[in-house]
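> Take this structure, written in structure tokens, and hold onto it; I'll ask about it next.
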Amino acid sequence: LHLSIRRQRQMCIRDSYCTSGALFDDGYSYSTITISDSIESDYSIYYHSNQSEAPDALIDHGKCYAVDFNIPSLLTMDSGKIVDSYTNLENGTLGISTILPGGKLRSNFEYAFTDDGLGFLGNLKTNGNQFMIFLELDGVRGLLLGDTQSDCSFLPSAEGEQIFDYCLLESTFLCSLRRTDINSIEYLEERDFTGSTIKSMKYPSVYRMVSDGQDCALGINGKYQIIAIRVEDLSLIHISEPTIFMNTYL
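Using my numbering, read the sequence shown as starting at 64 and increasing by one per residue.
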């Protein structure tokens, strides 16, 4: 019996599962994680063409911690391209890549982190034209903003600023944050793409933020209520009853 249980556990530990996917006009890309009994697990990114019966093409692979934000994330852009974020422990890099139709991979941003100051990537967000992701590079924190055509720009966090989450609008973005140097007060702010604050209001932390890309956003507050935000005046236009689904994705 003990041997049977151990075999079943080993099979589960080494299982592979899909973690993210995004569409092209003529196919799609997806990422998988193969769980191992070590701290690091293998990840792979594939390209599938609807026009061909050939096996799915492996276009990238590496190792990551199979938890939280370390898993590769893929999103479709309005340009018909796919942007993906990754943390690769195999070569000590993290970054953002663009997957072009046909499965060609192009790097937008890559950073080699050191053993003394590891890198960290947050949630990858997009408004269709731009993408945004929180990152920490050797102790420096901020938001990386870019698109599939040009270089990325880095918006460093101010001293004492802790960003909880964010979402992109058409030409600005919303972020939920705490300023630990001002009595740990939490804010909801709209900022332009240089990082300058346009509007700000005191409001408890918001997570899982998504937007329509224009004038409204959704998020989940600390009471597990879904809130709707009107960007024009940062007013709350709807607050739901608390939900028991703590990990609900909007």
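Beta carbons are placed, not taken as given, at the ideal position from N, Cα and C, and that holds for glycine.
Consult DSSP for asparagine 151 and reduce its assignment to one of helix, strand or coil.
DSSP places asparagine 151 in strand when its eight states are reduced to three.
> Distance, Cα to Cα, valine 320 vs arginine 169?
Shown here, the chain extends from 64 to 313; a query on residue 320 therefore has no answer.
> Buried or exposed: cysteine 230, going by 16 or more other Cβ atoms within 10 Å of its Cβ?
Flag for cysteine 230 reads buried.
> Please give me, in chain order, every unbroken run of the beta strand (DSSP E) with length at least 3 that falls completely inside the region 242 to 310.
For the region 242 to 310, whole beta strand (DSSP E) runs of length 3 or above, ordered along the chain, are 248 to 255, 260 to 265, 269 to 274, 279 to 284, 289 to 293 and 298 to 302.
> Write down every uninterrupted run of the beta strand (DSSP E) in the region 141 to 223 whose length is 3 residues or greater and which is fully enclosed by it, in chain order.
Correct list: 145 to 151, 156 to 162, 168 to 175, 194 to 200, 203 to 209 and 216 to 219.
> Measuring straight from C-alpha to C-alpha, what distance separates leucine 198 and proline 118?
Taking the straight line joining both Cα atoms gives about 34 Å.
> The beta strand (DSSP E) spanning alanine 120 covers which residue range?
Where alanine 120 is concerned, the enclosing beta strand (DSSP E) stretches over 120 to 127.
> Nearest to leucine 200 by CA position, among Gly282, Ile145 and Glu173, is which residue?
When only C-alpha atoms are compared, the closest one is Glu173.
> For tyrosine 80, does the three-state DSSP call read helix, strand or coil?
Looking at tyrosine 80 - three-state DSSP - the assignment turns out to be strand.
> Among Leu163, Ile261, Phe176 and Tyr80, whose alpha-carbon lies nearest the alpha-carbon of proline 135?
Among Leu163, Ile261, Phe176 and Tyr80, the Cα nearest to that of proline 135 belongs to Tyr80.
> Just how far apart, CA to CA, sit threonine 82 and threonine 235?
The alpha-carbon atoms of threonine 82 and threonine 235 are separated by roughly 29 Å.
> Does the Cβ-Cβ distance between glutamine 272 and glycine 282 come in under 8 Å?
Glutamine is not the amino acid found at residue 272; the sequence shown has methionine there. In this structure, glycine 282 lies closer than 8 Å to methionine 272 by Cβ.
> Helix, strand or coil, according to DSSP, for isoleucine 68 in the structure here?
Annotation note: pLDDT 36 at isoleucine 68 (below 50); position unreliable, no value reported.
> Ends of the beta strand (DSSP E) at isoleucine 108?
From DSSP, the beta strand (DSSP E) with isoleucine 108 extends over 104 to 112.
> Could you tell me which residues DSSP puts in a beta bridge with aspartate 228?
Partner(s): Ser239.
> With distance defined between alpha-carbon atoms, name the residue in Thr97, Gly276, Met264 and Asp278 nearest to leucine 251.
That would be Met264, whose Cα lies nearest to the Cα of leucine 251.
> Roughly how many whole angstroms lie between the Cα atoms of threonine 156 and asparagine 171?
Cα-Cα distance, rounded: 13 Å.
> Taking all protein chains shown into account, decide if asparagine 133 is buried (16 or more other Cβ within 10 angstroms of its Cβ) or exposed.
Classification for asparagine 133: buried.
> Between aspartate 89 and serine 112, how many whole angstroms is the CB-CB distance? I'm expecting something under 8 Å.
Correct: roughly 6 Å between the Cβ atoms.
> Rank Gln288, Tyr110 and Pro219 by C-alpha distance to the C-alpha of isoleucine 196 and give the top, closest one.
Per the Cα distances, Pro219.
> Can you give me the Cβ contacts of isoleucine 145 inside the same chain, cut-off strictly under 6 Å, excluding the 5 residues immediately before and after it?
So the list reads Ala85, Ser92, Leu137, Thr139 and Ile162, once near-sequence residues are dropped.
> Are there 16 or more other CB atoms within 10 angstroms of the CB of isoleucine 302, so buried, or fewer, so exposed?
Answer is exposed; the Cβ neighbour count stays below 16.
> Looking only at C-alpha atoms, which of Ile102, Phe194 and Glu249 sits nearest to glutamate 224?
For glutamate 224, the nearest C-alpha among the options comes from Glu249.
> Do proline 164 and phenylalanine 217 have their C-beta atoms within less than 8 Å of each other?
Cβ atoms of proline 164 and phenylalanine 217: not closer than 8 Å.
> Please return the same chain residues whose Cβ sits closer than 6 Å to the Cβ of leucine 237, not counting the five positions on each side in sequence.
So the qualifying residues of the chain are Cys230, Glu253 and Ala280.
> Relative to the alpha-carbon of aspartate 275, which residue among Ser259, Lys262, Tyr287 and Ile292 has its alpha-carbon at the smallest distance?
Among Ser259, Lys262, Tyr287 and Ile292, the Cα nearest to that of aspartate 275 belongs to Ile292.
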